[in-house]
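Report on the structure given below.
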Amino acid sequence: MSRKKKQTKTLEELLEEALVPEEEQPYELPENWVWVRLGSVGQYHNGRAFKSKEWSEKGRPIIRIQDLTGSYNNPNFFEGVVESRHEVHPGDLLVSWSATLGVYMWNGPEAVLNQHIFKVDSYIDRKYHYYALKNTINNMRTRGTGMVHVTKKVFESTPFPLPPLSEQKRIVDRVESLLGKIDEAKELIQKARDSFEQRRAAILDRAFRGELTRTWREQHPDVESADHLLERIREEKASMETQKGGRRKKAVDLSPINPPYELPQGWKWVRLGDIMSFQNGISKRNGTAGDLTVVLRLADIREFEFVEDSFRKIMLTDAEQRKYKVSCGDLLYIRVNGSKDLVGKACLYDFDYDVAFCDHLIRGETNRNIDLEFMWFISNSPVFREQLSDKIVSSAGQNTISQSSLGSTIIPLPPIGEQKEVVKTLKSLFSLQKDVEEVLLRESELDSLTQSILTQAFRGELGTHDPTEESALELLKRTLAEQNGLAYESPATEELRVAEQGELYLT
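The structure is reproduced here in structure tokens:
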């Protein structure tokens with residue numbers, strides 16, 4: 308028995324499938340635009356499922372989602388032959404549809420396409436297709452409906468705003484002009500940020516060489532030296548251990564300190580462990596006994612300050628609250644993080660009520676002879692960070708610093724009076740840069756402006772609309788007819804043909 312031949316749909320049937328009913332249209336469009344299904348303006352080819360045994364160290368790179376998002380920069384390669392629909396060329400439009408929903412213009416070399424990514428053959432202006440898709444996906448996220456995995460059927464049925472072809476090109480020109488200005492602003496902000504960080508590092512470097520407090524030392528020649536201060540700290544620590552009923556800890560023979568640079572008279576290179584004791588935070592995440600207590604987490608830290616609006620409480624017993632207590636002015640170090648740059652960074656807790664802290668943090672305690680704000684500044688300074696970077700241990704994507712590694716880090720220690728003068732000077736200098744820093748932190752406003760531009764563009768509100776142009780409905784009809792092998796003559800073409808026939812008849 309012969310198989311039935313698939314019946315070709317009429318243009319009217321194809322048009323009904325392509326157009327979005329009024330009740331499903333997200334918003335009102337200009338009169339000569341139309342809402343269509345994404346599937347009607349392009350063909351979407353899913354990538355090939357490459358097996359690990361097909362990977363190679365040479366050939367064409369295999370484009371995976373992480374290669375598009377920038378979360379990975381070590382691609383696999385393929386030397387064989389693939390179907391043309393799985394070949395990717397510079398400028399091709401790609402859409403990731405699993406794990407991450409996003410749209411990209413490929414700007415890499417000739418490549419092949421992995422599964423979970425669509426290669427788009429556009430029936431309309433490709434750049435318009437790209438920007439309009441970007442706006443559609445952003446709107447999904449804003450409304451809380453941004454899918455991280457979408458089937459091809461659902462994707463192709465998504466509403467899409469279609470203007471006349473000539474307006475598509477005007478929209479692209481306008482959007483790229485405006486977004487180009489935003490990119491220039493971001494580049495200037497990044498340069499300012501780099502300059503700001505370099506200035507900050509240079510100021511900290513000078514501060515901990517004693518260069519910013521030279522005049523103060525000349526005016527205070529009789530202050531207690533750091534040598535005497537360190538000896539007093541050791542005696543007080545030993546006395547406290549005795550008072551607690553414990554045995555004095557036996558002194559550990561450590562290798563001599565190799566000074567990175569020469570310090571002013573009265574300063575001394577010391578190990579952090581000489582002046583501080585350390586404790587990891589509590590590991591439990593929930594409790595059933597005791598009182599609700601704020602437990603500081605990494606999520607509570609922004610720009611190396613604790614932010615109260617994200618504090619979380621769990622039940623802790625009295626003993627736990629005492630053991631893991633953090634009070635105003637206490638210093639905490641980031642013990643573990645996915646970013647090496649953040650591990651070992653110090654944060655001062657400056658709220659006027661006691662809290663506890665989790666095991667992703669290390670509390671550093673010292674006595675009254677050490678200024679904790681001085682310790683905060685020096686713990687985030689180049690001299691401290693350069694040493695710490697070699698002591699960080701990485702495993703399973705996490706980077707960790709131990710108490711012993713913190714304790715073995717050396718720092719320059721001035722007398723207590725000069726510590727306070729260093730803090731005063733640094734605060735004064737950095738307050739002058741605070742306004743600059745606040746401007747840099749407003750970079751996110753440019754991202755909002757980008758979305759605002761896209762939103763206006765695809766409502767016809769960027770001054771690109773011309774109501775006298777042929778309706779996009781005619782463009783859609785021509786596209787559907789061409790892609791399905793159907794004959795179609797637009798009203799304008801028909802009028803021209805009739806006019807030409809009339810002229811021929813008159814001659």
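In the working numbering, the protein residues as written are 308 to 814.
By construction, the Cβ of each residue, glycine as well, lies at the ideal position given by its N, Cα and C atoms.
Note that the structure is predicted; figures quoted are calculated from it, not measured.
Query, Result
"Short Cβ contact (8 angstroms threshold) for G346 with S429", "no"
"Assumed close pair G770, W340 - CB separation to whole angstroms, cut-off 8 angstroms", "Contact flag wrong, Cβ pair sits at about 15 angstroms."
"Residues bridged to K544 [DSSP beta-bridge criterion]", "Answer by DSSP bridge pairing: none, since K544 is not bridged."
"8 angstroms contact criterion, which E417 and R367 should meet: CB distance rounded", "6 angstroms"
"Alpha-carbon spacing of G453 relative to A406, whole angstroms", "Confidence in G453 is poor, its pLDDT being 47 and thus under 50, which makes the residue's placement unreliable; the coordinate value appears in the next sentence. Roughly 11 angstroms between the two C-alpha positions."
"Cβ shell of T732 (< 8 angstroms), same chain only, five flanking positions each side left out", "A514, L519 and T520"
"I589 beta carbon less than 8 angstroms from that of C654", "no"
"N- and C-terminal bounds of the alpha helix (DSSP H) containing I582", "L579 to I582"
"Euclidean distance between Cα positions of T376 and S712", "35 angstroms"
"Range covered by the alpha helix (DSSP H) that runs through I685", "L679 to S686"
"C-beta contact flag for T716 and R578 at 8 angstroms", "yes"
"Beta-ladder partner(s) of A663, from DSSP", "V602"
"Residue ranges of each beta strand (DSSP E) within the segment 390-453, 3 or longer", "400-403, 409-412, 418-420 and 424-429"
"Boundaries of the alpha helix (DSSP H) in which Q497 is found, first to last residue", "L472 to A514"
"Unbroken beta strand (DSSP E) run spanning S702, endpoints", "V700 to S702"
"Exposure of P722, with buried meaning 16 or more beta-carbon neighbours within 10 Å", "buried"
"Given P466 as reference, the closest of Y334, I582, K316 and D659 once Cα atoms are compared", "Y334"
"Option in Y795, E796, L787 and L469 with minimal Cα separation from L321", "L787"
"Alpha carbon of S270 to alpha carbon of N446, nearest angstrom", "No statement about residue 270 is possible, as the shown extent of the chain runs from 308 to 814 and does not include it."
"At least 3 beta-carbon pairs within less than 8 angstroms: the segment 588-607 vs the segment 622-634", "yes"
"L401 vs V427 beta-carbon contact at 8 angstroms", "yes"
"Cutoff 8 angstroms; reference D659; Cβ partners in own chain excluding five residues on either side", "C635"
"Residue from D607, D616, L511 and F681 whose Cα sits closest to the Cα of L668", "D607"
"Buried/exposed call for V461, threshold 16 Cβ in 10 Å", "exposed"
"Beta-carbon proximity check, L753 vs I370, cutoff 8 angstroms", "no"
"N- and C-terminal bounds of the alpha helix (DSSP H) containing F691", "P689 to L695"
"Near the ligand MN: P470 beta-carbon under 7 angstroms from a heavy atom", "Inclusion of the ligand MN in the displayed structure is not the case, the ligand content being empty and no account of it being possible."
"Whole-number beta carbon distance between W404 and F425, since they are thought to touch under 8 angstroms", "6 angstroms"
"Reduced DSSP secondary structure (H/G/I, E/B, other) of I641", "strand"
"Close-in-space but distant-in-sequence residues of the same chain around T315 (CB under 8 angstroms, 5 per side omitted)", "N791, G792 and L793"
"Residue nearest to F737 in terms of C-alpha spacing, selected from A508, S464, L485 and Y656", "A508"
"Simplified DSSP state of I370, which is helix, strand or coil", "strand"
"Three-state secondary structure assigned by DSSP to G346", "helix"
"E777: first and last residue of the uninterrupted beta strand (DSSP E) it sits in", "Looking at the DSSP string, E777 is not in any beta strand (DSSP E), and its letter there is neither H nor E."
"Of the listed residues N674, E796 and G651, nearest to I832 (C-alpha basis)", "In this structure the chain extends from 308 to 814, so residue 832 is not present and cannot be described."
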